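**Student:** Sharing a structure, written as C-alpha cells. Questions coming.
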Amino acid sequence: LREQGVESLAIPHNSNGSNGQMFKLTDWAGDPLDDDYSMRRSRNEPLVEITQVKGTSDTHPLLSKNDEWADFEIAPYRVATKLYSEPAGGYVRDALLRGLQLEAGGVINPYKFGLIGSSDTHVSGDSLDEATFFSKAGMLDGTPQLRGSVPASFLYGTVMKFFDPGSVVEVDGRDYLASSSFEYWSASGLAGVWAEENTREAIYGAFRRKETFATTGPRIKLRFFAGFDFDETLLASPDLTATAYRSGVTMGGDLQADGGRTPAFLVWAMADPLAAPLQRVQIIKGWLENGEHREQVFDVACSDGREVDPASGRCPDNGARVDLSDCSISADVGAAEL
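Going left to right, the sequence shown walks through residues 277 to 614 as the numbering used here numbers them.
Following this line, the structure appears as C-alpha cells:
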C-alpha cells in the first residue's frame with residue numbers, strides 16, 4: 277500500500293483469544309525475533325486493542341497475580357471456539373514486558389504500543405452499556421434468549437436439545453442456550469484519541485504518535501504526561517495542558533532518562549456523566565529483575581477526600597458497592613474528576 281502512496285496501519289485484535297500467538301518471542305517459523313521484524317511490526321502496528329466485546333486483553337490472573345482486578349471481563353477461549361486460550365503471549369501487559377525482555381537482549385522492542393478499545397459489533401452500532409446491551413452479531417445474539425441471559429422458551433429449548441444437546445444447559449430447572457461463548461462477552465469498548473481537531477488527518481496523526489487510550493464503554497476522559505520538571509503547582513495552573521506538552525511527554529511517548537533524576541507523572545481523569553463516578557486512578561509499573569517479569573500496581577489518586585496509604589500504596593475503601601438485586605450502585609460516593 278505504501279508503494280502506492282497509501283499510508284496505513286494495523287491494530288492487533290482480540291489478542292486474548294490468540295492462544296498466546298499474538299505477542300510471541302519468535303516469528304512464524306519459530307526463529308527469534310530480530311531488528312528487521314521488530315522495525316516492520318512497530319511501523320505497521322503502533323497500537324493494540326486492549327478491550328472489546330469478546331473480553332479484555334489487558335491482563336489475566338495467571339499473569340498479574342498481585343492485581344485483584346486482573347480477572348475483569350476475562351474471555352477464556354480461543355476466538356470462535358470453546359478451546360482454552362493460553363494467556364502468556366496474548367495479553368497487553370505481558371506483551372509490554374516481553375518488549376522490555378527483547379530490548380534487554382539487544383533486539384529493538386516491537387511491543388512498545390499505544391492502546392485503543394473497540395466494540396467489535398457486526399451490527400453498525402455499539403452496545404457499550406450492560407443495561408442496554410442489544411447485540412454483537414445480530415441474528416446470533418439479538419435477543420436475551422439467544423444470549424442465554426434468560427431461560428429459553430419451552431418450544432425452543434426442546435428443539436435445541438433435540439438437534440444440538442450440547443447447546444443447552446439446565447440451571448435451577450430451566451433451560452438456557454449455551455451454544456457459543458456469549459456468556460463471556462462484555463459491553464465494551466471505546467477508543468479515546470487526543471487529536472488537534474476532528475479530522476481524519478489529525479486523528480490518524482494521534483494514532484501514529486500513540487496519543488490514545490481505551491475504556492470498557494464509559495466515555496471517560498483521560499490525560500497522562502511524564503516529565504522531570506512537574507510539581508504540585510502545575511495542578512492549579514490555568515495553562516496546565518500546554519505546560520505539560522512543553523515540559524514533558526504525553527501518553528505513547530518516550531521519556532529519556534536524565535541521569536539520576538526521578539520522573540513525575542501528571543494524570544487527569546474525568547468520569548462519564550452518564551456512568552459511574554471514579555473511585556481511584558492507578559499506575560502500573562512493569563520492569564525486569566534478573567531477567568524475570570515484574571509488575572506493581574500503585575494507586576495515585578483517591579476519591580472522597582481519601583489519600584493513598586504510603587505503606588500499601590493503595591486507596592482506602594470508599595464504600596462503593598453494587599446492589600446485586602438490581603445492579604444499582606452506591607449513591608453519593610466517588611468523584612467526577614481526579
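Backbone N, C-alpha and C fix where the C-beta goes; we use that ideal spot for every residue, glycine too.
All values reported here derive from a predicted model rather than from experimental measurement.
Assuming the contact rule is C-beta atoms closer than 8 angstroms, V576 and V543 should be a hit. Round their C-beta distance to whole Å, please.
**Tutor:** 6 angstroms
**Student:** Please report the straight-line C-alpha distance between L309 and G382, rounded to a whole angstrom.
**Tutor:** 11 angstroms
**Student:** State the CB to CB distance for the pair M298 and G366, rounded to an integer number of angstroms; the pair is presumed to be in contact (CB under 8 angstroms).
**Tutor:** 6 angstroms
**Student:** Assuming N292 and S403 are in contact, meaning their beta carbons sit under 8 angstroms apart, how far apart are those beta carbons, in whole angstroms?
**Tutor:** About 19 angstroms separates the two Cβ atoms, so there is no contact after all.
**Student:** Can you give, in chain order, each stretch of the beta strand (DSSP E) that sits fully within the region 446 to 470 and has at least 3 residues?
**Tutor:** 450 to 453, 466 to 469
**Student:** Decide if D599 is buried, meaning its Cβ has at least 16 other Cβ atoms within 10 Å, or exposed.
**Tutor:** exposed
**Student:** Between the C-alpha atoms of I392 and R369, what's the straight-line distance to the nearest angstrom?
**Tutor:** Their Cα atoms are separated by approximately 14 angstroms.
**Student:** Can the beta-carbon of V609 be found less than 7 angstroms from the beta-carbon of A596?
**Tutor:** yes
**Student:** With the cut-off set at 7 angstroms, would you say A471 and A482 are in Cβ contact?
**Tutor:** yes
**Student:** Grouping DSSP H, G and I as helix and E and B as strand, with all else coil, what is E613?
**Tutor:** strand
**Student:** Determine, using beta-carbon pairs with one atom in the region 458 to 477 and one in the region 385 to 399, whether at least three such pairs fall under 8 angstroms.
**Tutor:** yes
**Student:** Could you please give me the residues that DSSP links to R499 through a beta bridge?
**Tutor:** W544
**Student:** Considering only the alpha carbon of each residue, which of V557, K497, R556 lies closest to P549?
**Tutor:** K497
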